[in-house]
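Visitor: Taken in order, the sequence shown gives residues 0 to 154; the numbers are from numbering that gives the first Met the number 0.
One structure, as structure tokens, below. Some questions next.
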Amino acid sequence: MFIKSNKSNNIENTPKVPANPTYISSDITITGDIKSEGEVQIDGSITGNIFADTLTVGETANINGEINAEVVYIHGKVIGEINAKSVALAKTAHIQGDILHGNLSIDQGAFLEGHCRRMDVEKKQTDGTLKLLVKGVSKDKIINKIDRNPLTENN
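Printed below as a string of structure tokens:
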């Protein structure tokens, strides 16, 4: 008569809906850390660390703290370390701190006082095997790393 459903399974099966972007306007000052799994745009003043997926620092923004994100676009002032897979500094950017990056883009006119260090973006390990598609048939070739001569697997 009564069926007990497992609500936790229903919650796990629903797809995650991305959150709306967060916007912090120029008249807002925040002291403390900001954590977001989505996109954040800051035009105000932040004293604290920022953790986000995508961060845009506007021209009027002042950030004093560490930034950790996947992608960072900087147009304003940042004092602190930036750690991201992709960092883009616009011509109006003013950075005082180190940048750890996978990809870095710096426009002419941007100010940077600090060190830039490239971090390894997850590289795939290869075993020396090349997969070639020849007339619709996949053939495996192994490259001898010493001789640099291709050898077929059947030889």
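Cβ atoms here follow ideal geometry from the backbone N, Cα and C, with glycine treated the same way.
How is residue 48 classed by DSSP in three states: helix, strand or coil?
Guide: DSSP places residue 48 outside both helix and strand once states are collapsed to three, so it counts as coil.
Visitor: Excluding sequence positions up to five away, which residues of its chain have a Cβ less than 8 Å from the Cβ of residue 57?
Guide: Cβ neighbours of residue 57 beyond the five flanking positions: 25, 40, 41, 42, 74 and 75.
Visitor: What's the gap between the Cα of residue 144 and the Cα of residue 33?
Guide: Because the pLDDT of residue 144 is 47, which lies under 50, any placement of that residue in the model is unreliable, and the number read from its coordinates should be weighed accordingly. Roughly 49 Å separates the two Cα atoms.
Visitor: Would you mind stating whether residue 106 and residue 90 have Cβ atoms separated by less than 7 Å?
Guide: In contact: residue 106 and residue 90 (Cβ atoms closer than 7 Å).
Visitor: Determine the extent of the beta strand (DSSP E) in which residue 160 is found, giving its start and end residues.
Guide: Because the chain in this structure spans residues 0 to 154, residue 160 falls outside the shown range and cannot be described.
Visitor: When burial is assigned at 16 or more other CB atoms within 10 Å of the CB, is residue 136 buried or exposed?
Guide: With a pLDDT of 49 at residue 136, under the threshold of 50, the predicted position of this residue should be treated as unreliable, though the coordinate-derived value follows. Flag for residue 136 reads exposed.
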